[in-house]
Every structure is written in C-alpha cells, then in structure tokens.
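Below: one structure, written as structure tokens.
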Amino acid sequence: MKPAVLLTHRIPSVVMSRLEASCEVDLYDGPDAIPAEELTRRIAGKQALIAMLTDRVGADVMDGAPGLKIVANVAVGYENVDIPAARSRGIVVTNTPDVLTGAIAEFTWGLILAIARRIAEGDRVIRRGGWKGWALDFMLGMELQGKQLGLVGRGRIGQAVAAKAPAFGMSAVFANDDMSLDELLVTSDVISVHVPLTAETRHMFDRRAFARMKRSALFVNTARGAVVDEAALEWALRERLIAGAALDVFEHEPHVGEALRSMEHVLLVPHLGSATRETRTAMASLAVRNVLAVLAGEPPVTPVTKRGAERGDGVPASDEPGGVQGAPPTK
Ligand code: DGY
C-alpha cells in the first residue's frame, strides 16, 4: 500500500505526478489556505504532510496522525510549524532553502529601485489623472549610486542581495559583521531585512530602531512581517522619521492596515518574494523530494536542524556556516 500524504495546496503537475507515483495523495484544493479544522481532520492516517507557510502545524495536528513521519514546509521560513512538538514526536521537519534565494534577491532589488525612484507612486499619479506634465522638480527620488545598503541578516538571501549591490554603485554592509546594528541603522540609506522570525527577532524593528534611522532612509522588508512592529513603522512614516518603506510581508497577513494603505511613500506588495514559476516549482519539488526520501527511510534533503531551529534559520545540516558571534539569525 502506498503511503498517505496530505497536501494542503495544489502544486505544479510535473511535481504532483512524481508524488503520486509513490504516494496516495489527499489534496486540499480550495482557493485559500486549508482551514485549521479541515487540516486537523484530514491529517488522520497520513504519513506525511506537505504544508504551506499559511498552515499552522501544531501539536494538535501532529497528534491527529500517530504515523506522521514528516512535515515538509513549502517555504524557507518555518515559524508556522511547532518544531519542539515535532522533535518530541520524532517527526522530521523540512523547509526549502536555496531554491528561492535568487528570486527573493531579485525581488528585493525590485522593491529598492521602486521605492527609491517612486515607480508605483508615479503609476498611481498617472492612473488617477494627476500628471500635468514634465517638471524639473516633479516626484524626485533618491539615486542609489554611492549610497549605503544596510543588510540585517547574513544568510543566503542577504548575501545574494549584497552581491548585486555593486551593479547599482551601492556599498553593502551587514549588521553585526561589518558594523553594529545600531551603527547600520544610523548610517544606511537603504535598510533591508533578511532575518527569519524568531523570539529574538520579533519586533526587532521598533520605535527605537526607526528613530535611529536617517530621515532620508528607505526601509525594505521581504523577510517576515512580525520582525517589524508595524505600529512603530506607521508612526515613523507618519512622522517622516524615515523617507519611505517597501513591504512584501506584514504582521497580520493578509491584513494590511489602513494607515499603511493610505501613505504614498509606502510600497505594498502581497508576499510575492519567491513568486516566480521557476522558484515555486523548485520549492514544491524540494518538498516532495524530502517527503519521498523520508518515506523511503532515507535522510531528508533539507531538514530543519536543531541548531537552525534554535536560531530559526533552517540551515540544512550540510550547509551550516560558521556564523558570526552575536549576529542575528539569517534567512
Ligand atoms: C518563504 O519561503 O519563507 C517565503 O516567505 C515564501 O515566499
């Protein structure tokens, strides 16, 4: 008999057929995230769960399937999975590092360029009929050439973003490596966040942090919304303590507050960092490889390691960097 797998969202057919070749797949095919009760009900009798980052996988879900061997999260972040609960039940948890690094780095640069040069704002001006013609001082933005990019989080994504900085004439610096976080906040022209959400990083960008930034600074977040105290960010933007923000992630997704939605100097994007056909296929494929390996009694390809889980960065066992003393976790 084939092992039973619960899949909480449709995946590309090429990957689906690989999964179906060796497993009995129970697919939740709703347009939105699987409701919590449905997840708890349908997990019964499953040996594997392929979960999305919108699924809360807690002890209750795990206890619904005593034979559960693996939770394969289709995301690099895994704060939606109760790691200690999985560990104490002998359930392997895997994530999808590496395969989305390039997509998120590209996307981060898209946000940096768009907010610095007011691209989405300009689009809105034209659409509402507000453009009266070219003028020397109309909608001036900030040039990136010669400016400092402050990166918080030196994981794969942070490093991939830094690697593209010379193309725009920017110097990239990392917090806790090139300089202290405090110095980075004070001196950077663009600040981009690349840490996972952990107890340590939750609300690390608070009123104090925003108050330290230059008034001309632009803040970019493609990591996790709750790394930022959103009320503090709204305050900093309202008081013009910083010049603007580009946000792909939010504290209470999919809710985005009226204050952020009403501000012109904020660019809002619905969590699209890894959203390319290539990357989403690669993420699903890696999750399936993890499931097939574990169900075959082999080691998972990209397990969330004990050390990674403590740090919250999901670095696979084969790829743990030396790390920097005192550095924030990486994503
Ligand atoms: C992740 O994998 O954690 C990303 O946020 C998905 O876009």
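All you need for the numbering used here is the position in the sequence shown, starting with 1, plus 1121. We put the beta carbon where it would ideally sit given N, CA and C, even for glycine.
- With a cutoff of 8 angstroms on beta-carbon distance, T1217 and L1407 are scored as near each other.
- Environment of the ligand DGY, chain-ordered: A1196, V1197, G1198, G1394, S1395, taking every residue with Cβ within less than 5 angstroms of a heavy atom.
- Taking the CA atoms as reference points, S1383 sits about 16 angstroms from P1375.
- Runs of the alpha helix (DSSP H) lying entirely within the region 1269-1321, each at least 4 residues long, are 1277-1284, 1302-1308 in chain order.
- In this structure A1405 is buried. Its beta-carbon is surrounded by 16 or more other beta-carbon atoms within 10 angstroms.
- DSSP places P1424 in the strand class (E or B) of the three-state scheme.
- With contacts defined as CB atoms closer than 8 angstroms, I1171 and A1154 fail to qualify as a contacting pair.
- Measuring C-alpha to C-alpha distances from P1187 to each of V1415, I1164, V1195 identifies I1164 as the nearest.
- Residue burial annotation: F1371 is buried, with at least 16 other C-beta atoms found within 10 angstroms of its C-beta.
- Across the structure, D1181 and R1210 are spaced so that their CA atoms are roughly 12 angstroms apart.
- Secondary structure within the region 1353-1434: the beta strand (DSSP E) runs of 3 or more consecutive residues, fully enclosed, are 1365-1368, 1387-1389 (chain order).
- When only Cα atoms are considered, T1402 and L1221 end up about 10 angstroms apart.
- The alpha helix (DSSP H) runs lying completely inside the region 1171-1230 and spanning 4 residues or more are 1180-1184, 1204-1209, given in chain order.
- For P1124, the CB contacts under 6 angstroms within the same chain, skipping 5 residues up- and downstream, are C1144, Q1168, L1416 in chain order.
- P1317 counts as buried, since no fewer than 16 other beta carbons sit within 10 angstroms of its beta carbon.
- For L1261, there is no enclosing alpha helix (DSSP H), as DSSP marks it with neither H nor E.
- Residues of the same chain with a CB within less than 6 angstroms of the CB of G1279, apart from the 5 flanking positions on each side, are L1272, H1315 in chain order.
- The C-alpha of A1296 lies about 45 angstroms from the C-alpha of E1141.
- Between T1175 and T1423, the C-beta spacing is not below 8 angstroms.
- Residues of the same chain with a CB within less than 7 angstroms of the CB of A1226, apart from the 5 flanking positions on each side, are I1278, A1281, V1282, K1285 in chain order.
- A1332 and I1132 have their alpha carbons spaced roughly 43 angstroms apart.
- Within the same chain, A1353 come within 6 angstroms of R1328 by CB-CB distance, once the 5 residues on both sides are set aside.
- DSSP places L1339 inside the beta strand (DSSP E), whose first and last residues are 1339-1342.
- When the Cα atoms are used, A1235 and E1264 turn out to be separated by approximately 11 angstroms.
- Per DSSP, A1347 is not a residue of any beta strand (DSSP E), being assigned neither H nor E.
- Burial is judged here by how many other beta carbons sit within 10 angstroms of a residue's own beta carbon; D1350 has at least 16 and is buried.
- In this structure, K1335 is the residue among K1335, T1319, P1152, A1288 with its C-alpha nearest to the C-alpha of L1305.
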